[in-house]
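Colleague:
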Amino acid sequence: MRVLVTGGGTGGHVYPAISIIRGLQKKLSQVEVLYVGTRRGLEADIVPKEGIPFRTITVTGLERKLSWRAVTTVCKGITGMVQARQLLKQFRPDVVIGTGGYVSGPVVLLAALMGYPTLLHEQNALPGLTNRWLARFVDVICVTFPDSLAYFPEKKGRVTGLPVRPEILRVTRDEGIKKLGLDFRKKTLLALGGSRGARSINRAMLSVVQKYLASEALQIIHVTGRDGYQETMAGLERLGIDVVNSGNITIKPYLYHIEYALAAADLVVARAGAAFLAEMMIKGIPGILIPYPYAAENHQEFNARSLERQGAAVVIPDVELNGQRLLATVENLMADQERLRRMSERCRQLGKPGALEDIVNAVMELAGGKSKRE
Numbered sequence: 003m004r005v006l007v008t009g010g011g012t013g014g015h016v017y018p019a020i021s022i023i024r025g026l027q028k029k030l031s032q033v034e035v036l037y038v039g040t041r042r043g044l045e046a047d048i049v050p051k052e053g054i055p056f057r058t059i060t061v062t063g064l065e066r067k068l069s070w071r072a073v074t075t076v077c078k079g080i081t082g083m084v085q086a087r088q089l090l091k092q093f094r095p096d097v098v099i100g101t102g103g104y105v106s107g108p109v110v111l112l113a114a115l116m117g118y119p120t121l122l123h124e125q126n127a128l129p130g131l132t133n134r135w136l137a138r139f140v141d142v143i144c145v146t147f148p149d150s151l152a153y154f155p156e157k158k159g160r161v162t163g164l165p166v167r168p169e170i171l172r173v174t175r176d177e178g179i180k181k182l183g184l185d186f187r188k189k190t191l192l193a194l195g196g197s198r199g200a201r202s203i204n205r206a207m208l209s210v211v212q213k214y215l216a217s218e219a220l221q222i223i224h225v226t227g228r229d230g231y232q233e234t235m236a237g238l239e240r241l242g243i244d245v246v247n248s249g250n251i252t253i254k255p256y257l258y259h260i261e262y263a264l265a266a267a268d269l270v271v272a273r274a275g276a277a278f279l280a281e282m283m284i285k286g287i288p289g290i291l292i293p294y295p296y297a298a299e300n301h302q303e304f305n306a307r308s309l310e311r312q313g314a315a316v317v318i319p320d321v322e323l324n325g326q327r328l329l330a331t332v333e334n335l336m337a338d339q340e341r342l343r344r345m346s347e348r349c350r351q352l353g354k355p356g357a358l359e360d361i362v363n364a365v366m367e368l369a370g371g372k373s374k375r376e
């Protein structure tokens with residue numbers, strides 16, 4: 003089977019694409035893959051390192067205001083369409099997969115118009131502009147959040163979830179607690195804001211750390227991000243908090259094996275990126291979610307509110323976040339263990355551990371029917 007995959011710009015589009023490719027390679031004895039991206043997107047760095055054949059086209063994101071830059075964007079878009087058509091004619095895929103980002107626009111559109119079977123994967127509760135625009139042309143749309151179905155033609159959408167790394171599924175709670183040197187008798191709060199960190203979360207967590215420094219009920223793992231570690235440690239020092247010798251608080255700039263922390267966690271404080279939420283749901287971890295306010299179209303807010311409506315999370319808008327608000331939320335949840343249990347159960351119900359298999363099966367169904375050209 004020949005599979006052309008496209009999607010990029012950010013890791014949120016690239017990593018799901020790579021997961022799908024790996025799933026197909028594991029499932030099929032013979033599969034030929036071509037990944038189409040741009041030279042400037044994150045995919046240009048990541049995909050070749052994964053050993054996946056990679057080609058580029060010239061395309062940039064759409065400008066929403068009339069300007070010379072908008073004219074340049076249109077010209078590049080036309081060039082990208084020509085390049086996409088050439089790649090499709092040369093590679094002749096059995097199926098084309100788009101995971102979002104502006105690069106997938108011309109590739110998936112041309113594939114659909116040329117009669118190739120097409121599939122989209124949408125990671126967020128609020129679908130991206132490219133996927134919303136492509137929806138009318140493609141055959142199948144796999145979504146992570148049920149809310150997304152409202153934006154797509156009824157017969158095309160299916161809820162598959164978002165593929166997560168195998169190690170997330172594999173590591174148990176006991177293994178996580180043992181690996182991190184935690185206390186089996188205590189609940190564990192995991193706070194994090196991504197690899198670079200989240201200043202608002204780090205600052206608000208100072209109050210939580212101060213409160214639970216010597217707690218017999220709750221221990222804390224706070225991953226500050228590389229950019230936030232020194233500021234966080236300085237903030238603790240100003241408050242006279244010695245976390246090094248407390249034995250109850252672990253503060254790290256980064257965790258290379260986050261799967262152990264996720265396995266150990268009973269409650270999480272985090273942003274609301276789709277990939278992390280997929281992991282959180284699969285592990286059944288209730289969340290206090292603080293959506294990143296500058297995400298495209300505020301899509302993290304939609305992700306977080308989706309879980310909140312389902313009873314799996316509590317949402318605090320970033321603009322309202324402070325130490326007092328976060329501490330009160332943690333205390334309220336810790337005081338109501340039955341509510342925490344229900345939230346955890348709801349997370350597990352929403353999680354999709356079979357997401358990768360479901361997406362791979364959808365791809366194989368499309369390819370099995372061969373192209374509309376035949």
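The sequence shown begins at 3 in my numbering and counts up by one. Glycine included, each C-beta is placed from N, C-alpha and C at the ideal position. Given the structure is predicted, the values throughout are model-derived calculations rather than measurements.
#1: I'd like the list of long-range same chain contacts for I361, defined as Cβ closer than 6 Å, with 5 residues on each side in sequence excluded.
#2: With DSSP collapsed to three states, give me the class of K189.
#3: Does DSSP put I203 in a helix, in a strand, or in coil?
#4: Is the beta carbon of P165 closer than 7 Å to that of D141?
#5: May I ask you to check if the CB of S248 is nearer than 6 Å to at least one heavy atom of the ligand SAM?
#6: Pick out whichever of Y104, F147, A152, R273 has its Cα sitting closest to the Cα of T132.
#7: Identify, in the order they occur along the chain, each residue of the same chain with its Cβ nearer than 6 Å to the Cβ of H224, setting aside the five sequence neighbours on each side.
#8: So which of G102, R134, A46 has the shortest CA-CA distance to H15?
#9: Can you tell which of A369, L335, A297 has the C-alpha that lies nearest to the C-alpha of D320?
#10: Whose C-alpha, out of K29, P288, G10, is nearest the C-alpha of A363?
#11: Please report the distance separating the alpha-carbon of G195 from that of L323.
#12: From which residue to which residue does the alpha helix (DSSP H) around K28 run?
#13: Just confirm the distance between the C-beta atoms of K181 and Y256, as a whole number of angstroms; I'd bet it's less than 8 Å.
#14: Secondary structure at Q302, three-state DSSP: helix, strand or coil?
#15: Where does V211 land, buried or exposed, given buried means 16+ other C-beta within 10 angstroms?
#16: DSSP state of A315, grouped into three classes?
#17: Can you give me the C-alpha to C-alpha distance between R350 and G289, rounded to a whole angstrom?
#18: Give the DSSP bridge partners of N39, in chain order.
#19: Thinking C-beta only, is P95 closer than 7 Å to R4?
#20: By a C-beta neighbour count over all protein chains shown, 10 Å radius and 16 as the cutoff for buried, is F186 buried or exposed?
#21: Going along the chain, which residues of its own chain have a beta-carbon closer than 8 Å to the beta-carbon of W135, five neighbours each way excluded?
#22: What are the boundary residues of the beta strand (DSSP E) that includes R4?
#23: When the Cα of N305 is compared with those of M282, G325, G53, Q326, which residue comes out closest?
#24: Would you grab the beta carbon distance between I318 and I292 for me? Rounded to a whole angstrom, and I think it's under 8 Å.
#25: Count the CB pairs spanning the region 340-359 and the region 266-286 that are closer than 8 Å, and state whether there are at least three.
#26: Tell me whether V365 sits in a helix, a strand or coil according to DSSP, three-state version.
#27: Between V332 and L26, which are expected to be in contact by the criterion C-beta below 8 Å, what is the C-beta distance as a whole number of angstroms?
#28: Express the C-alpha separation of G53 and H301 in angstroms, rounding to a whole number.
#29: Ordered along the chain, which non-local residues of its own chain (more than five positions away) have a Cβ less than 6 Å from that of Y294?
#30: I'd like the span of the alpha helix (DSSP H) that includes I284, first residue to last.
#31: Cα separation between D47 and F56?
#32: Taking the alpha helix (DSSP H) that A236 falls in, what are its first and last residues?
#33: Would you mind working out which of R327, R205, V270 sits nearest L241, comparing C-alpha positions?
#34: If you drop the 5 nearest sequence neighbours on each side, which residues of the same chain put their C-beta closer than 8 Å to that of E177?
#35: Which residue comes first and which comes last in the alpha helix (DSSP H) that contains Q351?
#36: Output needed for S202: all residues of its chain with C-beta closer than 6 Å, excluding positions within five of it in sequence on either side, in chain order.
Modeller: In terms of the structure at hand:
#1: I22, C144, T162
#2: strand
#3: helix
#4: no
#5: Because no ligand of any kind appears in the structure shown, any question about the ligand SAM cannot be addressed here.
#6: Y104
#7: Excluding its 5 nearest sequence neighbours in each direction, H224 has C-beta neighbours in its own chain below 6 Å: A193, M207, I253, listed in chain order.
#8: Closest option to H15, Cα to Cα, is G102.
#9: A297
#10: What sits at residue 363 in the sequence shown is Asn, not Ala. Residue nearest to N363 within the set K29, P288, G10 is K29 (criterion: CA-CA distance).
#11: 14 Å
#12: 13-29
#13: The Cβ separation is near 16 Å, so there is no contact.
#14: helix
#15: buried
#16: strand
#17: 12 Å
#18: Asn is not the amino acid found at residue 39; the sequence shown has Gly there. Paired residue(s): T58.
#19: yes
#20: exposed
#21: G107
#22: Counting along the chain, the unbroken beta strand (DSSP E) around R4 starts and ends at 4-8.
#23: Of M282, G325, G53, Q326, the residue nearest in Cα terms is M282.
#24: 5 Å
#25: yes
#26: helix
#27: About 42 Å separates the two Cβ atoms, so there is no contact after all.
#28: Across the structure, H301 and G53 are spaced so that their CA atoms are roughly 31 Å apart.
#29: R273, Q302
#30: It spans 276-285 - the alpha helix (DSSP H) in which I284 sits, taken as one unbroken run.
#31: 10 Å
#32: 231-240
#33: R205
#34: Y262, A265, listed in sequence order.
#35: 339-352
#36: D320, L323
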